[in-house]
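Student:
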Amino acid sequence: MAESYDPTIGADAARAFFSRSRKGEIAHGYLFVGPSGTGKKSFARYLAQSLLCEGNGDNAFGACGSCRSCTLFGHEGQSAHPDFIEHLGALKIGDTASVGFASTGDTTSRDLIRQLAMQSYSGGRRVLLLADVEFASPAAANALLKFFEEPPAGVTLLLTSSTPAAILGTIRSRLTQLRVGPLSRDEMMRLLVGRGFATDAAERVLARARGSLTRALELLDIDAEAPHAVIARWFDEAIAGRTPAASWATRESLDEGLLAIKARLKDAISAPYLGERAERRIDLARGLKAFEKIDDAQRLARTNVSPTMVADLVRMAITNLALDGAE
Ligand SMILES: [Zn+2]
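Just so you know, we're using the working numbering here: the sequence shown kicks off at 29 and counts up by one.
1. How is the alpha helix (DSSP H) around V258 delimited, first residue to last?
2. Is the distance from the Cβ of F46 to the Cβ of L80 below 8 Å?
3. How is Q143 classed by DSSP in three states: helix, strand or coil?
4. Does the structure place the segment 90 to 101 close enough to the segment 59 to 67 that three or more beta carbon pairs sit under 8 Å?
5. Thinking C-alpha only, which one of S281, F319 and T278 is nearest A296?
6. On the DSSP bridge list, what partners appear for T204?
7. Report the partner residues of N87 according to the DSSP bridge assignment.
8. If you draw a straight line from the alpha carbon of L140 to that of A254, how long is it in whole angstroms?
9. CB of E114 to nearest heavy atom of ligand 1: below 7 Å?
10. Just the residues with CB closer than 7 Å to a heavy atom of ligand 1, in chain order, which are they?
11. For the beta strand (DSSP E) containing R154, name the first residue and the last one.
12. Can you tell me which of the three DSSP states T188 falls into?
13. Tell me, to the nearest whole angstrom, how far the beta carbon of S49 is from that of F112; I am working on the premise that it is less than 8 Å.
14. Span of the alpha helix (DSSP H) holding I346?
15. Could you tell me the alpha carbon to alpha carbon distance between S78 and N87, rounded to whole angstroms?
16. Below 7 Å CB to CB, which residues in the same chain sit around R236 once its five sequence neighbours on both sides are set aside?
17. Would you please state the rounded distance, in angstroms, between the beta carbons of L144 and L156? I believe it to be under 8 Å.
18. State the start and end residues of the unbroken alpha helix (DSSP H) segment that holds F319.
19. Consult DSSP for E82 and reduce its assignment to one of helix, strand or coil.
20. Would you identify the three-state DSSP class for I37, choosing helix, strand or coil?
21. In the DSSP assignment, find the unbroken beta strand (DSSP E) run with A112 in it and report its ends.
22. Given this structure, state the Cα-to-Cα distance separating C95 from E82, to the nearest angstrom.
23. When the Cα atoms are used, what is the spatial distance from A268 to L187?
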């Protein structure tokens, strides 16, 4: 996809808020709330980049992408910027020096206090991103409270949470809260198709994903192992002239598999006539003949012929049916 990833997707309100702000007006702390998997972290990272950008003047929002600071920011999740500190995951109680956050992903309250007090590398602002802060331990919460009581100069704290009610009220009241997500139908489709998923596969999981990209990706993973998806892949391979392994063809699943293949073949043949966009164009005359062969295969399936052999007969009937060949 030529279109680059948009870190502000799903965050219209937050985007509008910061687009109206100047760097000088930025508060000590913001809390981004919304369902998990809707882009809170991506938005917060982009805001951090914007705040540290040297090429966007006093604008709080919108990074130039090419200044020294933006270059250090690198790509999503791989920042090497010394004034951007990011902690994903739980803030844990405990001060063990030997097991620091760097090796475990957990941040101790001492780590947090130390980092909040550190000087800026470039002499300007520092931005600290704490994701999923609802799991903050009491000690970590106290460190955060201390921060708000005596905010060090030039430190901006960005927090994300999918359960803001679980954050201490005393901390929440000191933060400006902004909502991110859930993602709209169009935004979800854009993101999923942009990641290489077929439109029909993406559409199947949209309702269940309820505006969460993470949930949609999980569902697509699960669907990929579902029987209909396994057969769909086998069918697509076979009509493209390849010889995929027929893992779906077992004694128990053969009947259902053959029905599914017939349905898929029928869809492929009829789509152009129904004015639908077909995933693959099919040789019509051979497609209709293949139907008869699958009828034969269905009869064979009720005999003692091995399921693998039945599947292979079907494969030979539909091989190279795709007019466009492989993608
Ligand atoms: Zn920049």
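Where a beta carbon is used, it is the ideal one built from N, C-alpha and C, also for glycine.
Tutor: Looking at the coordinates:
1. Counting from one through the sequence shown, the residue named residue 258 turns up at place 230. It spans P255 to I267 - the alpha helix (DSSP H) in which V258 sits, taken as one unbroken run.
2. Along the sequence shown, read from residue 1 onward, the residue named residue 46 stands at position 18. Along the sequence shown, read from residue 1 onward, the residue named residue 80 stands at position 52. When the beta-carbon positions are compared, F46 and L80 stay at least 8 Å from each other.
3. As a first step, residue 143 is located in the sequence shown; it is residue number 115 there, counting from the start. Collapsing the DSSP output to three states places Q143 in a helix.
4. No, the segment 59 to 67 is not in contact with the segment 90 to 101.
5. By 1-based counting over the sequence shown, the position of residue 296 is 268. That would be F319, whose Cα lies nearest to the Cα of A296.
6. Counting from 1 along the sequence shown, the entry for residue 204 is found at position 176. Bridge pairing for T204: Y58 [DSSP].
7. Residue mapping note: residue 87 aligns to position 59 of the sequence shown, counting from 1. Answer is R50, bridged to N87.
8. Walking along the sequence shown from the start, residue 140 turns up at place 112. Walking along the sequence shown from the start, residue 254 turns up at place 226. Approximately 44 Å, taken between the alpha carbons.
9. The count along the sequence shown starts at 1 and reaches residue 114 at position 86. Incorrect: E114 has no Cβ contact closer than 7 Å to ligand 1.
10. Any heavy atom of ligand 1 within less than 7 Å of a residue's beta carbon puts that residue on the list, which reads C81, E82, G83, N84, A91, C92, G93, S94, C95, S97 and C98.
11. Translated into the one-based positions of the sequence shown, residue 154 becomes position 126. Per DSSP, the continuous beta strand (DSSP E) segment holding R154 begins and ends at R154 to L158.
12. The residue you call residue 188 lines up with position 160 of the sequence shown. Residue state, collapsed to three classes: strand.
13. The sequence position of residue 49 within the sequence shown is 21, counting from 1. The sequence position of residue 112 within the sequence shown is 84, counting from 1. About 18 Å separates the Cβ atoms of S49 and F112, ruling out a contact at the 8 Å cut-off.
14. On the sequence shown, position 318 is the one that residue 346 refers to. I346 -> alpha helix (DSSP H) spans P335 to I346.
15. Numbered from its first residue, the sequence shown carries residue 78 at position 50. Numbered from its first residue, the sequence shown carries residue 87 at position 59. C-alpha separation (whole angstroms): 8 Å.
16. Here residue 236 is taken as the residue at index 208 of the sequence shown, counted from 1. Excluding sequence neighbours, R236 sits near L247.
17. Position 116 of the sequence shown holds residue 144. Position 128 of the sequence shown holds residue 156. Sure, about 7 Å apart at Cβ, within 8 Å.
18. Residue 319 sits at position 291 when you count from the first residue of the sequence shown. It spans L312 to L328 - the alpha helix (DSSP H) in which F319 sits, taken as one unbroken run.
19. Within the sequence shown, the letter at position 54 stands for residue 82. In the three-state DSSP reduction, E82 falls in the coil class, being neither helix nor strand.
20. Residue 37 sits at position 9 when you count from the first residue of the sequence shown. DSSP, reduced to helix, strand and coil, places I37 outside both helices and strands of the structure shown, so it counts as coil.
21. The residue labelled residue 112 in the question sits at position 84 within the sequence shown. The sequence shown places Phe at residue 112, rather than the Ala named in the question. Per DSSP, the unbroken beta strand (DSSP E) holding F112 starts and ends at F112 to H115.
22. As a position in the sequence shown, residue 95 is number 67, starting the count at 1. As a position in the sequence shown, residue 82 is number 54, starting the count at 1. About 6 Å.
23. Position 240 of the sequence shown, counted from the first residue, corresponds to residue 268. Position 159 of the sequence shown, counted from the first residue, corresponds to residue 187. Whole-angstrom Cα-Cα distance: 49 Å.
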